[in-house]
Amino acid sequence: MKYMYMICLMVIMAYSGCKKIDGLQQNPAAIYEPNPQLLLTGILLDMREGPWGSDQINNQFMVINESFYGNQAYTWGALSFSGFDQLRNIQQLEIESAKKGDEGKPYLALAKFFKAYFAIGMTERFGDIPFSQALKARSEGIFQPEYDLQKDVYKQCLQLLEDANTDIGPLVTAGKSINGDFFYAGKLDKWQKLINSYRLRILISLSKRADDTPELNIKQQCASILNNPSKYPLILVNEDNFQLVYNSTTRDNNYPLWPADGVVVKQDLRNNLGDTYIKILTATKDPRVFVVANPTESAKASGDPDYAKKFTSFSGGRTGELQTTLKSQAVAGKLSTINFDYWVASPSGIPYVMLGGYETEFSIAEAINRGWLSGDAGDHLKKGVTLSMKFYGISNQAILDYFNVAGNEYAGNNAAGLEQLLSQKYVAFFQNSGRQAFYNNRRTGIPKFDIGPANSNNNQIPVRWAYPTTEYSTNEVNLKKSLQRQFNGSDTRNDVMWLVK
-7 MKYMYMICLM VIMAYSGCKK IDGLQQNPAA IYEPNPQLLL TGILLDMREG PWGSDQINNQ
53 FMVINESFYG NQAYTWGALS FSGFDQLRNI QQLEIESAKK GDEGKPYLAL AKFFKAYFAI
113 GMTERFGDIP FSQALKARSE GIFQPEYDLQ KDVYKQCLQL LEDANTDIGP LVTAGKSING
173 DFFYAGKLDK WQKLINSYRL RILISLSKRA DDTPELNIKQ QCASILNNPS KYPLILVNED
233 NFQLVYNSTT RDNNYPLWPA DGVVVKQDLR NNLGDTYIKI LTATKDPRVF VVANPTESAK
293 ASGDPDYAKK FTSFSGGRTG ELQTTLKSQA VAGKLSTINF DYWVASPSGI PYVMLGGYET
353 EFSIAEAINR GWLSGDAGDH LKKGVTLSMK FYGISNQAIL DYFNVAGNEY AGNNAAGLEQ
413 LLSQKYVAFF QNSGRQAFYN NRRTGIPKFD IGPANSNNNQ IPVRWAYPTT EYSTNEVNLK
473 KSLQRQFNGS DTRNDVMWLV K
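Dropping the structure here:
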């Protein structure tokens, strides 16, 4: 009995010692069961986009005339698969939310939206992506996932968005909310509007496939959303915009143009407004030009006391022009610069809209113009323009004056009307919505993008980015199989993907 007692005591001590060592081996700074709200905040931080970057140069909103700061030569290379980092975080969000019962349901609904959001973001850059087999290394031992057809990626994502709306609807009705949300302060009704507005964006982006891909039901899905607003609420007012609001107190969240020393230099000859953008504003006598841009210095020096009120006083630089020519034009005072008094009146600047009500209205107008459903496309065009002008603080009278300008009335459900509403959609995207201006141009050719001697891509606007170089070393067999299927083995910026072929 004494020996058995000693043996039991030794076992107990050994077990306790192991437990203690295991506990000591844990990183006290690590979070082993993160709260869903912490994961949500991290995902939202990864969703952020911003103005004044290379995307806006490629959108032809701006031109750079100094090569040290960049160019508009369109010599794109590869991008990364960073979206999969976000998908891993979303997967963890689902795991942790499932442990929370009813408390986790809002996060699980949003996880479906996030999955679609990041997957679409990757497929519209590259083409086919590994999606259905992605993130299964730990659970199923799949370390080299096969690439899904781009069509199948869209099919899965559209279903995710439908399911997200189905799941979030009852939670909105029950008055539920979430924590960790700096976009909408936890208001699920606004998230539901974003889910459906984003789905509408995706359906419109598939317009080239509306008649040859019946399994996606593109027209039918679009009509079902727009004909049932109680089930599928949308972003239709600026107050519901999905936007990043900067602040004056936190340096890391000041407006991107706000200088570190707080001294705003209100002239930048290195950057000028793009002609593709400015000529639409001046041709239609759009009052937004007086807000976003400065008149040229040559107009100011003309002696005309009313120069600042005239549309002829604004001029943009051509994206295809040589930088030496653009610089000469800028120094001579022939190109407009941005209006710093508007953009950086304070460290908080202007909110960056990632998806706004004006885009929704233009998407509805396009669907009607294309005959996907009945309705008044001209009315939705007018609402879209009005929402965009209101965002810039344009007065009601100035908006009325704009619509009274000859040629600004809707041209009808025809090619001219389509060009009109797509041009206005492009204008509303200025310094907003990431690459959407480029994606819409890639899909429709509207507005016509400028090509000239500065273009180093054989006089072409690229249509995609090459796959990450890491894929060639970690998943080469499946990548090359996909490239052969898509582009006969090629992987360049000029290969046309299924989405816009």
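Its first residue numbered -7, the sequence shown is counted upward by one per residue in my numbering.
Note that CB positions come from ideal geometry on N, CA and C, so glycine has one too.
For the pair Leu228 and Thr352, the CB atoms are nearer than the 8 Å cut-off. Residue pairing by DSSP places Ile453 opposite no residue, since no beta bridge is assigned to it.
Under DSSP, Ala458 forms a beta bridge with Ala70. Within the same chain, Ser328, Thr329, Asn331 come within 6 Å of Asn286 by CB-CB distance, once the 5 residues on both sides are set aside. Listed as beta-bridge partners of Gly266 by DSSP are Gly309. Bounds of the beta strand (DSSP E) holding Gln235 are 234 to 236. For Pro454, the CB contacts under 7 Å within the same chain, skipping 5 residues up- and downstream, are Tyr66, Trp68, Arg485, Asn486 in chain order. Gln184 and Pro225 do touch by the CB rule: their CB atoms are close to 6 Å apart, below 8 Å. Assigned with DSSP and collapsed to three states, Ser189 falls in helix. Here DSSP, grouped into helix, strand and coil, assigns Ile386 to coil. In the DSSP assignment, Val345 falls within the unbroken beta strand (DSSP E) covering 344 to 347.
According to the DSSP secondary-structure assignment, Ala369 is paired through a beta bridge with no residue. A straight line joining the alpha-carbon of Trp490 with that of Gly399 spans about 36 Å. The C-alpha of Asn470 lies about 20 Å from the C-alpha of Leu79. In the DSSP assignment, Met489 falls outside any beta strand (DSSP E), carrying neither H nor E. Taking a contact to require three or more Cβ pairs closer than 8 Å, the region 403 to 410 and the region 260 to 269 do not qualify as touching. Out of Gly349, Asn361, Trp335, Lys326, the CA that lies nearest to the CA of Gln423 is found in Trp335. Going by C-alpha positions, Lys182 is about 43 Å away from Gly444. In this chain, the alpha helix (DSSP H) harbouring Ile35 covers 28 to 39.
Shown here, Ser240 sits in coil according to DSSP, grouped into three states, outside any helix or strand.
Spanning the alpha carbons of Pro248 and Gly341 requires a straight line of approximately 8 Å.
The count of Cβ pairs closer than 8 Å, one atom from the region 458 to 465 and one from the region 164 to 174, stays below three, leaving the stretches out of contact. Proximity to Ser294 across Gly325, Tyr269, Thr274 peaks at Gly325, based on C-alpha coordinates. Sequence-distant partners of Gln321 (beyond 5 residues in either direction) whose C-beta falls short of 7 Å from its own C-beta, in its chain, are Gly309, Leu327. Residue burial annotation: Tyr61 is exposed, with fewer than 16 other C-beta atoms found within 10 angstroms of its C-beta.
By the C-beta density criterion, Ala408 is exposed, having fewer than 16 other C-beta atoms within 10 angstroms.
If you draw a straight line from the Cα of Tyr431 to the Cα of Phe441, it comes to about 12 Å. In the assembly as shown, Pro122 is a buried residue. Its beta-carbon has 16 or more other beta-carbons within 10 Å. Residue environment for Pro162: exposed (fewer than 16 other C-beta atoms within 10 angstroms of its C-beta). Under the Cβ criterion (8 Å, minimum of three pairs), the region 381 to 396 does not count as touching the region 236 to 247. By the beta-carbon neighbour count (other beta carbons within 10 angstroms, threshold 16), Gly167 is exposed.
In the displayed model, Val469 falls within a helix according to three-state DSSP.
Note on geometry: alpha-carbon atoms of Arg201 and Ala359 lie some 14 Å from one another.
Between Ile438 and Leu218, the C-beta gap is not smaller than 8 Å, which leaves the two residues out of contact. By the Cβ rule, the region 89 to 102 does not count as touching the region 42 to 58, because fewer than three pairs are nearer than 8 Å.
Annotated three-state conformation of Val55 is strand, per DSSP.
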